[in-house]
Amino acid sequence: MFKLITNELFKLFHKKSTYIVLIIAFLYIILVNVLYNKGMADTYYDMSFNDYYLEQARGELASLKASDSPLEDTWQVEISIKVYEMLKDYHEPWQEEAINDDYYSLLVQYYNNLMDNEDVTDIKNEIALMENRIKNNEWQYFLKKDLADEQERYEEYLKTKSKNDNEKQKLEKETEESAARIKIYNYALDNNIALDSSYLGRALNDVLSSIDLAFNYKYFMSDAEKEDNAKMIEEFYENVYILENKLDTNNTRTLRNVFINLYDEIEIIVFVFIVMIAGSIVSEEFNKGTIKNLLTIPYSRIKILSAKFIVCLLMVLFIFVFVFLSELIVGGLTFGFSSLNIPVVHYLVSSGTYAFISPIAYFGLYSICKLPMLILLMTLAFTLSTMLLNTAFAITITFFGYIGSALINVLAETFKWKFLNYFVTTNWDFTVYLFKGINPFGISITQSVIVCLVYLCLMLLVSFGIFKKKNIKNI
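Here the sequence shown is numbered in the numbering used here, starting from 591 and rising by one per residue.
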């Protein structure tokens, strides 16, 4: 058997197509690292400013003035222009919030005073002062203002008396949430953390924007709603961890982050490499006529086909090792290795605790959880290669199976068709079970293991049954 396996490996590594795919895989890994280094995944904030809206507002204002429209028809457009002009120059999250909230309110007050023929001197001075504060990066002023408003709300909650159990629960939620906001504002001020684009600023902004969801999750959500919002709750507490430990776990431009996302980036390359080998390893022997020479050696057909299948499995391991080493070299040269010391942090909603794992171990674990899908697709290509003796058909049909699996899963999730829970595609992704996760189709991990093994055994039985009976007289 060992001799058969080494012979198959020898043949594979003397094929140009093997090296072509490996070269493409290496170049693709280089591209992935370049894109990550350029900030491909760094799309955290969408700027409120848009040139199109500013020019559109200016055109609308010109039309209104040309038609001698009264002030009440133009002031709203003028406010929009002033807001857009500010947003054009100031892009930090706290600046955008101040412009869209405080600055906008002052402009509305100014135009209302104009329409009522009231004195606007004081309000003009306030607007100028507001502009200077935004320009001079006085974020503490706005944060202290938010803190004062929140403290006022908190005092009101403490004085409020609830009339029934529902009101009592709602008041408890609002009081606790308000206290949490006050704590966060004080934390930001004490640690000099602005709501800016720094990693701490991003985490702070995420926590503040999701805090209402977190307390709704705690007090009011049903089990189904909790399941739907579990991912956002995980992200909320992971951002809390960043603030508490001042650890940049959301940095996208690191080797750590590439390793965390590496499998998803290179899955198609891995799939092509594996299916190309499995879809041709039997059919090419028949097409080239070398199967006759292979069957003359003193080994049974079962051993010959087993050796080929084992080689396919070994090539799965080989491509993962190749990808890992390639990323370690390319990523290390691009980003350095220091980020690998920062663990992957995952919040476990079920237990309210954190799980930690190294980025490399995470890549390995994630890849292992994807192996059932890859092995089943590889086995499909292997079986088709044995049945049809046509490499192109074996690879093409497997590709369609890979693409069609997403459609089947969408149907299963949308229409809740229970019979699809026994289809292989709803069971072969074991990443859903990582960190005590739940299969979106309501399938247990035991069922997934059994279903995958059944499909694997059926395809292998077909492969071996057909190969044993293949007639090679006319080849």
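For every residue, glycine included, the Cβ atom is placed at its ideal position computed from N, Cα and C. Bear in mind the structure is a predicted one, so any value in this text is a computation, not a measurement.
Residue 864 sits buried, since 16 or more C-beta atoms from the chains shown fall within 10 Å of its C-beta. Membership of residue 894 in the alpha helix (DSSP H) is indicated by the continuous run 891-925. Here the region 840-851 lies against the region 622-630, with 3 or more beta-carbon pairs under 8 Å apart. Judged by DSSP secondary structure, residue 953 falls within the alpha helix (DSSP H) whose first and last residues are 949-978. Counted as a single uninterrupted DSSP element, the stretch harbouring residue 609 is not any beta strand (DSSP E) but the alpha helix (DSSP H) occupying residues 606-627. The C-beta of residue 830 has 16 or more other C-beta atoms within 10 Å across all chains shown, which makes the residue buried.
A direct Cα-to-Cα measurement between residue 1014 and residue 899 gives close to 20 Å. Residue 785 carries a coil assignment under DSSP once its states are collapsed to helix, strand and coil. Taken in chain order, the complete alpha helix (DSSP H) segments of 4 residues or longer contained in the region 826-889 are 845-868, 873-878, 881-886. Secondary structure within the region 706-794: not one fully enclosed beta strand (DSSP E) run of 3 or more consecutive residues is present. When DSSP states are grouped into helix, strand and coil, residue 946 belongs to the strand group.
In its chain, beyond the 5 residues on either side, 974 have a beta carbon closer than 7 Å to the beta carbon of residue 987. In this structure, residue 776 lies away from residue 785, with their beta-carbon atoms at least 8 Å apart. In the three-state reduction of the DSSP assignment, residue 680 falls in the coil class, being assigned neither a helical nor a strand state. For residue 934, the enclosing beta strand (DSSP E) has its first and last residue at 934-938. Between residue 765 and residue 744 a beta carbon distance of about 7 Å is seen, short of the 8 Å cut, so the two are scored as contacting. In the three-state reduction of the DSSP assignment, residue 1007 falls in the coil class. In the DSSP assignment, residue 1061 falls outside any alpha helix (DSSP H), carrying neither H nor E. Here residue 614 is exposed: its Cβ has fewer than 16 other Cβ atoms, across all protein chains shown, within 10 Å.
For residue 1044 and residue 813, the gap between their C-alpha atoms comes out near 33 Å. The beta carbon of residue 737 sits closer than 6 Å to the beta carbons of 775 from its chain, once the five residues preceding and following it are set aside; these are given in chain order. Scanning 871, 628, 998 for the CA closest to the CA of residue 982 turns up 871. Just measuring C-alpha positions, the residue of 664, 713, 935 sitting nearest residue 827 is 935. Judged by DSSP in its simplified three-state form, residue 1027 adopts coil rather than helix or strand.
Contact between residue 930 and residue 950 holds, since their C-beta atoms are separated by about 7 Å, short of 8 Å. In terms of Cβ geometry, residue 964 and residue 860 form a close pair [threshold 8 Å].
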